[in-house]
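Numbering (this note's numbering), first residue to last: 1 to 286.
Each remark here refers to the structure printed beneath this line.
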């Protein structure tokens, strides 16, 4: 999942730059491509381009922006995965981006100004903050600085964002803080035994399972029929198989028991005798 997140960001960066180059060559303003990705601060524009709530958090236009974010994502993401799951990291990435978007929109509405948001910094900072809170004393080596604890890296990063909110990229730094807040909420909830990523994981699992059901090849329906006074029933698990070898009732029962154990505990939980029995039965009913 960590590598996938990095690849998606890099792919969007390449596509976005190619698109702006083509627009420039054709005499069109490059901003046309960015408008499809960047998230506007005004709700009236956001309603017209609702997908930008997600696309902005996977997009970078400047190479140094991409490089910095991906280095931090891979670095802290690897440490995050030492104590947490890939699914939770993906959920936190999305949550952080949404938190950054919400704070960005709220702050610009309060200031009655207009802005556009692009970059994965809010999502990355959510992972950075959550990792630093859960493993504050984990030390990493930095060039010229030596070993430094994650808590100090997070504190320094957040302090820089706070001091930079009055600059030219003030909206971006506000969004960063939104991501940091989400990361802190996630880490605190985890300490209390609450996984706020669970709803997102449940939703994505449902979507994946639905997609698998839609794309899975359809199984032929059982064909029950009377022919010449005799009753025939075709089954895939018992009865007569494709080559005419019949599986005994004992084989069926034993196979069901073994497969139930594999489903609950995995193949590695089978004993040597059970593995041999599974192999023998499968060979007989091929």
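Glycine included, every Cβ here is placed at the ideal spot set by N, Cα and C.
Predicted model only: the values in this text are computed from it and were never measured.
Residue 209 classed as buried or exposed, judged by whether at least 16 other C-beta atoms fall within 10 angstroms: For the purposes of this step, residue 209 is taken as the residue at position 209 of the chain shown. Answer is exposed; the Cβ neighbour count stays below 16.
As assigned by DSSP and simplified to three states, the class of residue 149: Residue mapping note: residue 149 aligns to position 149 of the chain shown, counting from 1. Strand.
Alpha carbon of residue 34 to alpha carbon of residue 271, nearest angstrom: Locating residue 34 in the chain shown gives position 34, where the first residue counts as 1. Locating residue 271 in the chain shown gives position 271, where the first residue counts as 1. Going by the C-alpha atoms only, they are around 58 angstroms apart.
Exposure of residue 114, with buried meaning 16 or more beta-carbon neighbours within 10 Å: By one-based count along the chain shown, residue 114 stands at place 114. Its Cβ having fewer than 16 others within 10 Å, residue 114 is exposed.
For residue 188, the residue or residues it bridges with in DSSP: Here residue 188 refers to the residue found at position 188 of the chain shown. Answer by DSSP bridge pairing: none, since residue 188 is not bridged.
One or two residues paired with residue 1 in a DSSP bridge: Here residue 1 corresponds to residue number 1 of the chain shown, with the count starting at 1. Beta-bridge pairing links residue 1 to no other residue.
Burial state of residue 38, where buried means 16 or more other Cβ atoms lie within 10 Å: As a working mapping, residue 38 is identified with position 38 in the chain shown. Per the 10 Å Cβ criterion, buried.
Distance CB(residue 96)-CB(residue 179) smaller than 9 angstroms: Here residue 96 refers to the residue found at position 96 of the chain shown. Here residue 179 refers to the residue found at position 179 of the chain shown. In contact: residue 96 and residue 179 (Cβ atoms closer than 9 angstroms).
Bridge partner(s) assigned by DSSP for residue 117: Along the chain shown, one-based indexing puts residue 117 at 117. 39, per the DSSP bridge assignment.
Member of 197, 281, 250 whose CA lies at the smallest distance from the CA of residue 88: Within the chain shown, residue 88 is the residue found at index 88, counting from 1. Nearest of 197, 281, 250 to residue 88, Cα basis: 197.
Residue range of the alpha helix (DSSP H) that includes residue 58: Within the chain shown, residue 58 is the residue found at index 58, counting from 1. Segment: none, residue 58 is in no alpha helix (DSSP H) and carries neither H nor E.
Residue burial classification, residue 235 (beta-carbon count within 10 angstroms, cutoff 16): Counting from 1 along the chain shown, the entry for residue 235 is found at position 235. The predicted position of residue 235 is uncertain, since its pLDDT is 40 and thus under 50; a value taken from the coordinates is nonetheless stated next. Classification for residue 235: exposed.
Local Cβ density within 10 Å of residue 13, reported as buried at 16 or more and exposed below that: For the purposes of this step, residue 13 is identified with residue 13 of the chain shown, where counting begins at 1. Residue 13 is buried by the Cβ-count criterion.
Alpha-carbon spacing of residue 50 relative to residue 11, whole angstroms: Walking along the chain shown from the start, residue 50 turns up at place 50. Walking along the chain shown from the start, residue 11 turns up at place 11. So the two alpha carbons sit approximately 21 angstroms from each other.
Contact check, residue 176 vs residue 122, beta carbons under 9 angstroms: What you label residue 176 is simply residue 176 of the chain shown in a count that begins at 1. What you label residue 122 is simply residue 122 of the chain shown in a count that begins at 1. Contact flag set, yes.
Burial state of residue 40 (16 or more Cβ within 10 Å): The residue you call residue 40 lines up with position 40 of the chain shown. The residue is buried, with at least 16 neighbouring Cβ atoms inside 10 Å.
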